[in-house]
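Everything on this sheet refers to the single structure shown next.
Protein chains in written order, with my numbering: chain A, 1 to 146; chain B, 147 to 436.
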């Protein structure tokens with residue numbers, strides 16, 4: 001089986017893809033491995049999205065869905081948001097903006113920003129390590145050589 | 147804005163979610179339900195077809211999966227399961243405590259009812275019922291106490307009145323007597339009656355007082371009690387004395403009825419007279435007492 005890593009810089013979605021493939025290949029079982037992997041990194045992904053601006057639940061779900069296969073199901077986001085809020089990384093507040101339905105917005109807290117910064121640093125390093133280890137044989141050093 | 151929670155599929159989903167949410171602590175369940183409802187209100191627009199609604203619900207995940215996510219790590223699930231078990235245990239304990247409390251209270255109630263003190267004659271035995279009997283009273287002090295003695299009037303109604311006190315915390319209802327009165331024959335029971343008059347307010351009972359039966363003596367209250375009988379016609383010779391120093395009453399306290407033997411501070415007695423002696427030796431009495 002050939003595993004292809006995209007050429008562009010390793011974003012969170014790509015790293016997930018990469019690690020998920022690793023789980024599958026190690027025999028953990030594709031579905032379970034992916035699910036566990038997603039669950040593990042979804043929190044930082046949500047924090048990353050909230051870093052720009054507060055978002056409401058469905059907005060978060062849509063943004064995460066656009067990134068690819070980050071969500072096993074849309075509902076996963078809400079228990080996660082609650083856990084992040086209970087951990088003090090996220091706060092929620094109701095906003096009643098003109099012409100729109102009242103919505104519960106989630107915003108990142110200073111503690112959330114610190115955690116995200118730490119994770120981002122660790123993750124990039126970690127993902128790069130993984131990428132180096134599991135890069136395809138065709139790109140391995142010396143692979144081109146006869 | 148119109149809510150889409152009224153969509154049949156959404157209603158069904160929320161109902162299933164409610165069932166699944168019982169696995170979560172109450173506040174978490176309420177929070178998650180509100181979030182899911184907001185999500186559905188937002189995602190399923192008024193223009194959404196049934197197919198769109200089905201697709202959105204499908205993407206949301208099953209209620210059980212949602213709750214599994216909310217439960218998170220297996221250790222937390224175990225902790226919550228343990229908490230639920232403890233909650234169940236706590237409920238069982240509460241129910242058990244309530245049942246035991248009720249049972250204990252009921253038992254205490256019954257025991258209290260069954261162990262109340264008997265009626266008492268606190269003193270102040272008033273005397274004989276009929277004035278004529280009262281006029282011929284001899285007060286005799288002997289080793290057992292004072293005895294009030296009067297002449298028997300064979301074939302006439304005689305009796306005595308005593309003050310009875312209810313020392314208990316329960317109403318005690320006098321429903322009869324096991325006394326035969328001061329006579330030989332026991333097949334014609336004496337009559338007992340309780341006056342509604344409180345001796346504290348009417349120091350002298352009258353023969354016209356209404357003595358009723360059954361009659362209830364309220365807790366810590368005093369009443370006049372009359373024991374009366376028709377004296378034996380074939381009483382006996384002059385000087386023959388029969389008396390009693392106790393009153394036996396059938397008394398009901400709550401659910402229990404029992405016989406109380408109430409000692410009297412004065413004994414009451416009848417003594418034979420010349421007339422009773424003549425009657426006793428008459429031909430009719432020679433055949434035996436009627």
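Every residue, glycine too, gets a C-beta built ideally from N, C-alpha and C.
Beta carbon proximity, residue i to chain A, threshold 7 Å
i              : result
residue 212(B) : yes
residue 201(B) : no
residue 197(B) : no
residue 215(B) : yes
Any C-beta of chain B under 7 Å from that of residue i
i              : result
residue 84(A)  : no
residue 74(A)  : yes
residue 151(A) : Here chain A covers residues 1 to 146 and nothing more, so residue 151(A) does not appear.
residue 99(A)  : no
residue 79(A)  : yes
Span of the alpha helix (DSSP H) around residue i
i              : result
residue 192(B) : Residue 192(B) -> no alpha helix (DSSP H), and no H or E assigned at all.
residue 318(B) : No alpha helix (DSSP H) holds residue 318(B); the beta strand (DSSP E) holding it covers 318–323.
residue 63(A)  : 57–66
residue 82(A)  : 77–86
residue 281(B) : 277–281
residue 123(A) : 110–134
residue 162(B) : 154–166
residue 213(B) : 209–217
residue 73(A)  : From DSSP, residue 73(A) is part of no alpha helix (DSSP H); its letter is neither H nor E.
residue 198(B) : 196–206
residue 424(B) : 420–426
Span separating the alpha-carbon of residue i from that of residue j
i              : j              : result
residue 82(A)  : residue 73(A)  : 16 Å
residue 427(B) : residue 373(B) : 28 Å
residue 190(B) : residue 199(B) : 6 Å
residue 123(A) : residue 206(B) : 28 Å
residue 167(B) : residue 101(A) : 26 Å
residue 256(B) : residue 425(B) : 52 Å
residue 377(B) : residue 371(B) : 19 Å
residue 292(B) : residue 275(B) : 18 Å
residue 49(A)  : residue 165(B) : 32 Å
residue 160(B) : residue 84(A)  : 24 Å
residue 39(A)  : residue 231(B) : 28 Å
residue 36(A)  : residue 209(B) : 19 Å
residue 183(B) : residue 133(A) : 44 Å
residue 135(A) : residue 116(A) : 27 Å
residue 394(B) : residue 272(B) : 17 Å
residue 407(B) : residue 320(B) : 12 Å
residue 375(B) : residue 252(B) : 41 Å
residue 314(B) : residue 367(B) : 9 Å
residue 379(B) : residue 357(B) : 25 Å
residue 254(B) : residue 243(B) : 15 Å
Nearest residue (CA-CA) to residue i, options the options
i              : options                        : result
residue 203(B) : 399(B), 163(B), 308(B), 314(B) : 163(B)
residue 309(B) : 269(B), 405(B), 381(B)         : 269(B)
residue 89(A)  : 43(A), 58(A), 35(A)            : 43(A)
residue 396(B) : 341(B), 322(B), 346(B)         : 322(B)
residue 364(B) : 375(B), 209(B), 400(B)         : 400(B)
residue 311(B) : 263(B), 381(B), 279(B)         : 263(B)
residue 56(A)  : 67(A), 40(A), 97(A)            : 97(A)
residue 45(A)  : 86(A), 135(A), 80(A), 103(A)   : 80(A)
residue 107(A) : 119(A), 91(A), 99(A)           : 91(A)
residue 59(A)  : 346(B), 342(B), 196(B), 188(B) : 188(B)
residue 337(B) : 360(B), 343(B), 316(B)         : 360(B)
Beta-carbon neighbours of residue i, restricted to chain B and to distances below 9 Å
i              : result
residue 104(A) : 180, 181, 184
residue 43(A)  : Residues of chain B passing the Cβ test: none, with the nearest at roughly 11 Å.
For residue i, the first and last residue of its enclosing beta strand (DSSP E)
i              : result
residue 311(B) : 303–311
residue 409(B) : 402–417
residue 357(B) : Residue 357(B) -> no beta strand (DSSP E), and no H or E assigned at all.
residue 297(B) : 291–297
residue 394(B) : 387–399
residue 369(B) : 368–376
residue 287(B) : 284–288
residue 95(A)  : 90–95
residue 340(B) : 337–340
Closer than 9 Å at the beta carbon, the chain A residues around residue i
i              : result
residue 236(B) : Here the premise fails: no neighbours, minimum Cβ distance about 24 Å.
residue 193(B) : In chain order: nothing, as chain A lies at least about 15 Å away.
residue 165(B) : Within chain A, no residue comes near residue 165(B); the closest Cβ sits about 15 Å away, beyond 9 Å.
residue 254(B) : Those do not exist, as residue 254(B) stays about 48 Å from chain A at its closest Cβ, beyond 9 Å.
Under 8 Å from the C-beta of residue i: neighbouring residues of chain B
i             : result
residue 57(A) : 181, 184, 185, 188
Contact list for residue i against chain A, beta-carbon separation under 8 Å
i              : result
residue 206(B) : 73, 74, 75
residue 218(B) : 79, 83
Per-residue contacts from residue i into chain A (C-beta, under 7 Å)
i              : result
residue 177(B) : 82
Check: residue i C-beta below 6 Å from any heavy atom of the ligand ATP
i              : result
residue 257(B) : As for the ligand ATP, it is missing from this structure, which has no ligand bound.
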